[in-house]
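K.L.:
If you want the working numbering, it's the position in the sequence shown, counting the first as 1, plus 3. Positions of the beta carbon are idealized from the N, C-alpha and C atoms, including for glycine. Since the structure is predicted, the reported quantities are computational estimates derived from the model, not experimental observations.
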Amino acid sequence: MNTLRVARTLQPQVLASSRMLVRAASTTTHTSAASSVIPVSNIEAQWETLNTKEQTEVYEQLLEAQKRDWKTLSIDEKKAAYYISFGPHGPRKPVDEPGSGLKVFGLTVAIVGAACVAFLGIRSFGGEPPRTMTKEWQEASNELAREEKQNPLTGITSEGYKGKGHVSLK
Numbered sequence: 004m005n006t007l008r009v010a011r012t013l014q015p016q017v018l019a020s021s022r023m024l025v026r027a028a029s030t031t032t033h034t035s036a037a038s039s040v041i042p043v044s045n046i047e048a049q050w051e052t053l054n055t056k057e058q059t060e061v062y063e064q065l066l067e068a069q070k071r072d073w074k075t076l077s078i079d080e081k082k083a084a085y086y087i088s089f090g091p092h093g094p095r096k097p098v099d100e101p102g103s104g105l106k107v108f109g110l111t112v113a114i115v116g117a118a119c120v121a122f123l124g125i126r127s128f129g130g131e132p133p134r135t136m137t138k139e140w141q142e143a144s145n146e147l148a149r150e151e152k153q154n155p156l157t158g159i160t161s162e163g164y165k166g167k168g169h170v171s172l173k
C-alpha cells in the first residue's frame with residue numbers, strides 16, 4: 004500500500020526514467036541469455052539428442068525471449084517456442100511408428116485366419132449333430148407346441164403366425 008502512495012507522489016518524469024532502466028536491464032539480461040551455447044535454430048532435429056539439463060536451458064532461454072515483444076523474435080525462436088510447446092516429443096510423441104498400419108492389418112488378418120482354421124479343424128473332428136438338431140425332430144417340436152398351445156400371443160399358436168417355429172435347419 005505504501006508503495007502505491009510513493010509511486011503516486013513521484014513525478015511522471017522520474018517514473019519514465021525508472022521504466023527505461025527496467026527496460027534496459029531486461030534487454031541486457033536477454034542478450035546474455037541469447038548467447039547460450041545451445042542454438043535454437045533447427046531445434047526439432049536437436050531436441051531428442053539434448054540431455055534434460057540442456058533441454059531445460061533451451062526452454063528457459065525461450066521463455067525469457069517470449070517475454071519480449073513478439074515482433075522482435077526471430078523466426079527460429081518462434082519455431083523453437085512452438086515446437087517445445089506443441090511438438091511431437093515427450094508425452095505427445097506418437098505411439099505408432101509411420102507405416103505400422105499395414106503391419107497391424109496383416110497381423111489382424113493372420114489372427115482371424117488362424118481362428119478360422121482352428122474352428123474348422125475342431126469342427127471336422129466333431130461327430131454327427133445331436134438327434135434334436137434334425138429337421139424331423141424340430142417339426143415334431145412344432146406340432147407339440149401347437150397341441151399344447153405354447154405362446155398364444157406372439158408364438159406358434161397365435162393367429163396369423165407365419166414363422167418357422169422351432170425349425171432352424173433348411
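May I have the straight-line CA-CA distance separating Ala-113 from Lys-138, to the nearest angstrom?
P.N.:
C-alpha separation (whole angstroms): 37 Å.
K.L.:
What is the rounded straight-line gap between the Cα of Lys-96 and the Cα of Leu-172?
P.N.:
Their Cα atoms are separated by approximately 54 Å.
K.L.:
Following the continuous alpha helix (DSSP H) through Val-43, name the residue where it begins and the one where it ends.
P.N.:
Run containing Val-43: none; DSSP gives neither H nor E here.
K.L.:
Whole angstroms are fine: how far does the CA of Leu-53 sit from the CA of Tyr-85?
P.N.:
One C-alpha to the other measures close to 17 Å.
K.L.:
Determine the burial state of Ala-28: buried for a count of at least 16 other Cβ atoms within 10 Å of its Cβ, exposed for fewer.
P.N.:
With a pLDDT of only 43 at Ala-28, under 50, the local geometry of the prediction cannot be trusted, and the value read off the model is given with reservation. Looking at its Cβ environment, which holds fewer than 16 other Cβ atoms inside 10 Å, Ala-28 is exposed.
K.L.:
Just the Cα atoms here: how many angstroms apart are Gln-64 and Lys-106?
P.N.:
Those two C-alpha atoms are separated by around 42 Å.
K.L.:
What residue range does the alpha helix (DSSP H) around Lys-138 cover?
P.N.:
Here the alpha helix (DSSP H) through Lys-138 covers 138-150.
K.L.:
Determine the closest residue to Phe-89 out of Gly-124, Glu-100, Trp-50, with distance taken between C-alpha atoms.
P.N.:
Minimum Cα distance to Phe-89 is reached at Trp-50.
K.L.:
Check Ile-78 in the structure and name its three-state DSSP category.
P.N.:
Reduced to three states, the DSSP call for Ile-78 is helix.
K.L.:
What are the boundary residues of the alpha helix (DSSP H) that Val-112 is part of?
P.N.:
It spans 103-128 - the alpha helix (DSSP H) in which Val-112 sits, taken as one unbroken run.
K.L.:
Under 8 Å, with one C-beta from each stretch per pair, do the segment 123-138 and the segment 147-161 reach the 3-pair mark?
P.N.:
No, the segment 123-138 is not in contact with the segment 147-161.
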